[in-house]
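These protein sequences, in sequence, are chains A and B.
Under this note's numbering, the first sequence has 56 at position 53, and the numbering climbs by one with no breaks.
Under this note's numbering, the second sequence has 708 at position 112, and the numbering climbs by one with no breaks.
Data block below; observations after.
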Amino acid sequence: LPEDFDWRDKGAVGPVKNQGSCGSCWSFSATGALEGAHFLATGELVSLSEQQLVDCDHECDPEEPDSCDSGCNGGLMNSAFEYTFKAGGLMREEDYPYTGTDRGTCKFDKNKVAARVANFSVVSLDEDQIAANLVKNGPLAVAINAVFMQTYIGGVSCPYICSRRLDHGVLLVGYGSAGYSPIRMKDKPYWIIKNSWGEKWGENGFYKICRGRNVCGVDSMVSTVAAVQTTSQ
Amino acid sequence: SAVQADALNGDDPLIREVVDGQDASSSNLLSAEQHHFSLFKSKFKKSYGSQEEHDYRFSVFKANLRRAARHQALDPTASHGVTQFSDLTPAEFRKQVLGLRRLRLPKDANEAPILPTSD
Numbered sequence: 004l005p006e007d008f009d010w011r012d013k014g015a016v017g018p019v020k021n022q023g024s025c026g027s028c029w030s031f032s033a034t035g036a037l038e039g040a041h042f043l044a045t046g047e048l049v050s051l052s053e054q055q056l057v058d059c060d061h062e063c064d065p066e067e068p069d070s071c072d073s074g075c076n077g078g079l080m081n082s083a084f085e086y087t088f089k090a091g092g093l094m095r096e097e098d099y100p101y102t103g104t105d106r107g108t109c110k111f112d113k114n115k116v117a118a119r120v121a122n123f124s125v126v127s128l129d130e131d132q133i134a135a136n137l138v139k140n141g142p143l144a145v146a147i148n149a150v151f152m153q154t155y156i157g158g159v160s161c162p163y164i165c166s167r168r169l170d171h172g173v174l175l176v177g178y179g180s181a182g183y184s185p186i187r188m189k190d191k192p193y194w195i196i197k198n199s200w201g202e203k204w205g206e207n208g209f210y211k212i213c214r215g216r217n218v219c220g221v222d223s224m225v226s227t228v229a230a231v232q233t234t235s236q
Numbered sequence: 597s598a599v600q601a602d603a604l605n606g607d608d609p610l611i612r613e614v615v616d617g618q619d620a621s622s623s624n625l626l627s628a629e630q631h632h633f634s635l636f637k638s639k640f641k642k643s644y645g646s647q648e649e650h651d652y653r654f655s656v657f658k659a660n661l662r663r664a665a666r667h668q669a670l671d672p673t674a675s676h677g678v679t680q681f682s683d684l685t686p687a688e689f690r691k692q693v694l695g696l697r698r699l700r701l702p703k704d705a706n707e708a709p710i711l712p713t714s715d
């Protein structure tokens, strides 16, 4: 594995988006992963529609039928991949733009699919496996506890104590080996996370969190997705 | 308590604005907080519908300044301070911008194959 790796340098990560006042982080995490997978499959970076997931994806947990993807009220990245696989794909952002509300009806047009899911899987808790899957398969959908993110401005976040109760969906796009920690007087390896709270938040919309001990549960729910080659229409 | 100045004006990450709670009079502290709140409203283009709402958001903002200082103490390798969410209570923050459904992966979820990492 390379010591440092960043999909942003390789063109697999689009501009930071803003979910607004809507609990649709899960849809941004899922589209980000599929955008990266589609880039690897086709060489083309296409911005995909979160609104399609918000409006049309009501996929439920097979073991808990009452727990379903529910627009601004929350969802799960794996369920979003399942929906996308079943529906036939996701449309482009420009064809189905984000509104930040879930009061609209589903306007999915199968003739305008821009990216399709070939398969998806969960990655083991092991940090080397997470890094290997990131390098091999593209950006990964991950869940995290976001309590420290409300006040985060920059640097490598490495809280002494952080709950691992997952409440936010984000996108893992890379890692670094040398985030300097002035307090601990040493370099700290970190994950690079793309968030969906706009470019004014964090480090131009990105978050760095230290690697090594599943801080804030960042290693707990990691999903990789593969895209099929699609000719957009 | 300490407040990151860069959080407030977005300019110099090396300057830390410190408010000494022991020496400062309560009116000075209130004035400093009001100043931070004005900068926050201007930077993030916030406006409130009524004076009552404004005062409530100011009280939430002050609580979040203290919260940011606690986060800074617990997370010294990052910078914590004022963000676009500084006028939201933790519950409002969770409700408005977080949205991960309770996790319970199905037993038949595909597991990614183990990849070689040594070479």
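Every residue gets a Cβ at the ideal spot worked out from N, C-alpha and C, and that includes glycine.
None of the values given here were measured: they were computed from a predicted structure.
Item                                                                                                                                      : Value
Neighbour-count burial assignment, B/H632, 16 or more Cβ in a 10 Å radius                                                                 : buried
For A/S226 and A/F123, believed in contact at Cβ under 8 angstroms, the rounded distance                                                  : 6 angstroms
With 16 other Cβ atoms within 10 Å as the buried cut-off, status of A/Q54                                                                 : buried
Residues that A/C161 contacts on chain B, provided the C-beta gap is smaller than 9 angstroms                                             : D671, P672, T673, A674
CB contact below 8 angstroms: A/V126 versus chain B                                                                                       : yes
Three-state secondary structure assigned by DSSP to A/D98                                                                                 : coil
Interface residues of chain B facing A/S27 [CB-CB closer than 7 angstroms]                                                                : G695
Amino acids of chain E, ordered along the chain, whose beta-carbon sits closer than 8 angstroms to that of A/D72                          : Annotation note: the requested chain E is absent from the structure, which comprises protein chains A and B.
Closest Cα partner of A/T104 within the set A/L56, A/F42, A/V159                                                                          : A/L56
Supposed contact pair A/G141 and A/F209 - C-beta distance, whole angstroms, cut 8 angstroms                                               : Not a contact, Cβ separation roughly 17 angstroms.
Spatial neighbours of A/D222 in its chain, beta-carbon cut-off 7 angstroms, leaving aside the 5 residues before and after                 : L128, E130, I133
Test: A/W204 CB closer than 8 angstroms to a CB of chain B                                                                                : yes
Residue from A/V159, A/K203, A/S50, A/F31 with nearest C-alpha to B/K639                                                                  : A/K203
8 angstroms Cβ cutoff, B/F681 in contact with chain A                                                                                     : yes
Inter-stretch contact (C-beta, 8 angstroms, three-pair minimum) for the segment 79-94 of chain A and the segment 660-678 of chain B       : no
Beta-carbon gap between A/V231 and B/N706 smaller than 8 angstroms                                                                        : no
Proximal residues of chain A, C-beta to C-beta of B/L635 below 7 angstroms                                                                : Correct list: empty, because the minimum Cβ distance to chain A is about 14 angstroms.
Any chain A beta carbon closer than 8 angstroms to B/K645                                                                                 : A small correction: the amino acid at residue 645 of chain B is Gly; Lys does not occupy that position in the sequence shown. Not an interface residue.
Residue interval of the beta strand (DSSP E) (run including A/P65)                                                                        : A/P65 -> no beta strand (DSSP E), and no H or E assigned at all.
Contacts around B/N660, its chain only, beta-carbon distance under 7 angstroms, and the 5 residues preceding and following it disregarded : S682
Beta strand (DSSP E) segment containing A/C213, residue limits                                                                            : 209-213
Continuous beta strand (DSSP E) stretch holding A/I300: start and end                                                                     : Outside the shown range of chain A (4 to 236) lies residue 300 of chain A, about which nothing can therefore be said.
Short CB-CB distance (under 8 angstroms) between A/G172 and chain B                                                                       : yes
Beta carbon proximity, A/T34 to chain B, threshold 8 angstroms                                                                            : no
With 16 other Cβ atoms within 10 Å as the buried cut-off, status of A/N114                                                                : exposed
Within 9 angstroms of chain B by C-beta, residues of the segment 142-157 of chain A in sequence order                                     : A146, I147, A149, V150, F151, M152, Q153, T154, Y155, I156, G157
Closer than 8 angstroms at the beta carbon, the chain B residues around A/K191                                                            : T673
Test: A/Q232 CB closer than 8 angstroms to a CB of chain B                                                                                : no
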